[in-house]
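Asks: Count along the sequence shown starting at 1, add 89, and that's the number in the numbering used here. Supplied in C-alpha cells, the structure appears directly below.
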Amino acid sequence: MLKTGLLILVLSFGLMAATPPELLTASAPLSYSSGVLSIPLADTDNDGYLSSTDWDTFNSKQASGNYITALTGDVTASGPGSASATISASTVTGKALTGFSASAGTVSASDTILQAFNKIYGWVTALWVEEISGHIRDAEDYTYVLVQKARYARQVDKIALKCSSGTITAALQIDSTDITTCTSISVTSAESDTTCDTGSSNDPASEETLTLVTTSNSSCGDLYFTIQTTRS
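Here's what the structure looks like:
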C-alpha cells in the first residue's frame, strides 16, 4: 500500500512534471483513493495479489501430465485422490464363469479364471468316489433299497459280494432296470468283484432309486456287499 501526496515519474532523461493526486486513476485489480494505491487479496470472484499461503498450496501441486482420473468397464472408480474400486456383478456372474465345464487339468499362470475353475472342479469330481457298504442278515429273495431317490447323479463302478455260507444270485437295478454286467451275479462264500458297465443308461440320475435284488437264495446266510460309485 503506497501513500503519496504527489506521484513523480522519473525517466532516464530527467525529471518530469509532478501530477496532482486527485488526477490519478488505477485499473483493476489496483485501486486508488485519497492518495492510497492498493490491491486486494485474490479470491474466487476477484483478481488480486497471491498470498504466501496460496503460493505454498499452488507450489505443492502435482506436476502436469497424463494421469488416470477414473476407471470404467468391469471395474469402476473415480478420483481425485484415493478411491474405492467396484467390480460389477456381471463381471463374475455373467462373464467369468459363463461356459463352466468340469475338465481335470493342471492350472497354469496363463489360465483365465474360468479355465482354472474348470480344471480344479474336474479334479475334485474325479475324487468323488463313494462306497455303499452293508450287511444283510439272513438274506432272502428280496429287493433291498440302497439309495432312495438319489440327491445327485452317480456312476456305479463295481460291486463286491459275499455270503457267509451257501449261495445267492444278485443284481443291481436303477428304478427296476438291471445295470448291464451287474446282473445275475452268482454269490458264494468267496468274495467276488464285478465291474459294472459304464454306459450312461446304467448311471443313477438324480431322484432315481438304486436297489440290490437277490434271488435263488440257497442258505446264503448273511450277505455282505460293497458298491463303489463315482459322483457325476
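Yeah, the Cβ is synthetic: ideal placement off N, Cα and C, and Gly gets one too. The structure presented is a predicted model; accordingly, all values stated were derived computationally and were not measured.
Can you tell me whether Arg240 is buried or exposed? The criterion is at least 16 other CB atoms within 10 Å of its CB, across all chains shown.
Replies: exposed
Asks: Leaving out five residues before and five after Ser308 in sequence, what residues of the same chain have Cβ atoms less than 7 Å from its Cβ?
Replies: Ser254 and Gly255
Asks: Measuring CB to CB, does Ser281 end up less than 8 Å from Ala260?
Replies: The answer is no: Cβ separation not under 8 Å.
Asks: For Pro293, count neighbouring Cβ atoms within 10 angstroms of its own Cβ and tell me buried if that reaches 16, exposed if not.
Replies: buried
Asks: Taking contact to mean at least 3 C-beta pairs separated by less than 8 Å, is the stretch 310 to 317 in contact with the stretch 215 to 233?
Replies: yes
Asks: Grab the span of the alpha helix (DSSP H) containing Ser141 for me, first residue to last.
Replies: Ser141 to Asn148
Asks: Report the CB separation of Ser305 from Ile257 in whole angstroms; it is logged as a contact under 8 Å.
Replies: 6 Å
Asks: So, helix, strand or coil for Gln211, using DSSP?
Replies: A quick correction: the sequence has Gly, not Gln, at residue 211. Gly211 falls in the helix class under three-state DSSP.
Asks: Suppose the cutoff is 6 Å on Cβ atoms and the five residues either side in sequence are ignored; what does the same chain contact list for Ile316 look like?
Replies: Residues Ile221 and Ile248 of the same chain have their beta carbon placed closer than 6 Å to that of Ile316, with the five preceding and five following residues left out of the count.
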